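**Q** I'd like to ask you about the structure that follows.
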Amino acid sequence: MKSLVYYINMAVAVLLFASCETSPVDEPTPEEPSTLEINENYVRVKAAGGQYGFTYTLTNPNSNTLEAECASDWIHDFDLSTDGEVYFTVDANSTTETRIADVYIKYGSVSDKITVSQSGVNPDDIEYSFEISYEIDG
């Protein structure tokens, strides 16, 4: 009888000891940094303007928000609603000069830029209108 009690006590002690062991805790792995790359170097835009866009690649996204900006006011209304694509509106260029601006996209601490080049109006395509009036005395 004593040996039965002894074995029961030993079994309980082993179970208690085993249940007190902590299970291994998964160490959080360091987060890989995000990278952002625009897939083109530039966008060529017609003098008439309109809606244009470009594509980008974002790796290791986290909780940051994608942002786009341009210092020139003739490029505006950025649409970032489609993953991997940026769309924007370009106003018409009424001059004969080519104009150039950089568009920057930013995701957290990473950013990239693309150059937008808009041609000027062909001088032969400019329509001129004028009115001549005169009075004759007499």
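Under our numbering, the first residue of the sequence shown carries the number 170, and numbering increases by one thereafter. The beta-carbon is built from N, C-alpha and C at its ideal position, and this holds for glycine as well. Keep in mind the model is a prediction, meaning the values are calculated, not measured.
With 16 other CB atoms within 10 Å as the buried threshold, where does F331 fall?
**A** Given that the chain is displayed from residue 170 to residue 307, the structure contains no residue 331 and the question cannot be resolved.
**Q** Anyone know if the C-beta pair for L205 and D271 falls short of 7 Å?
**A** Cβ atoms of L205 and D271: not closer than 7 Å.
**Q** Measuring CB atoms only, is the segment 214-227 touching the segment 239-256, in the sense that at least three cross pairs come out at less than 8 Å?
**A** Cβ pair count under 8 Å is three or more, so yes.
**Q** For the beta strand (DSSP E) containing K215, list its first residue and its last residue.
**A** First-last for K215: undefined, no H or E at that position.
**Q** Would you mind reading off the limits of the beta strand (DSSP E) that contains D271?
**A** Looking at the DSSP string, the run of the beta strand (DSSP E) that includes D271 is 268-276.
**Q** Would you grab the beta carbon distance between A217 and I274 for me? Rounded to a whole angstrom, and I think it's under 8 Å.
**A** At roughly 25 Å, the Cβ-Cβ gap does not stay under 8 Å, so A217 and I274 are not in contact.
**Q** Hey, could you find the ends of the beta strand (DSSP E) E238 is sitting in?
**A** Where E238 is concerned, the enclosing beta strand (DSSP E) stretches over 235-239.
**Q** By the three-class DSSP mapping on this structure, what secondary structure does D293 have?
**A** Helix at D293.
**Q** Out of D306, S302, S298, V285, which one is the CA nearest neighbour of D242?
**A** Checking every option, the nearest Cα to that of D242 belongs to V285.
**Q** Leaving out five residues on either side along the sequence, give the residues of the same chain with a beta carbon under 7 Å from the beta carbon of I244.
**A** Closer than 7 Å at Cβ, skipping near neighbours: F257, V259, A270, V272, V285.
**Q** Quick one: what's got a C-beta closer than 7 Å to T313's C-beta in the same chain, skipping five residues either side?
**A** Summary: the structure shown does not reach residue 313, with the chain confined to residues 170 through 307, and so no result is reported for it.
**Q** Report the partner residues of L205 according to the DSSP bridge assignment.
**A** Per DSSP, L227.
**Q** For G277, I'd like the list of residues in its chain whose CB is within less than 8 Å of its CB, leaving aside the five on either flank, ordered along the chain.
**A** Closer than 8 Å at Cβ, skipping near neighbours: S203, N231, N233.
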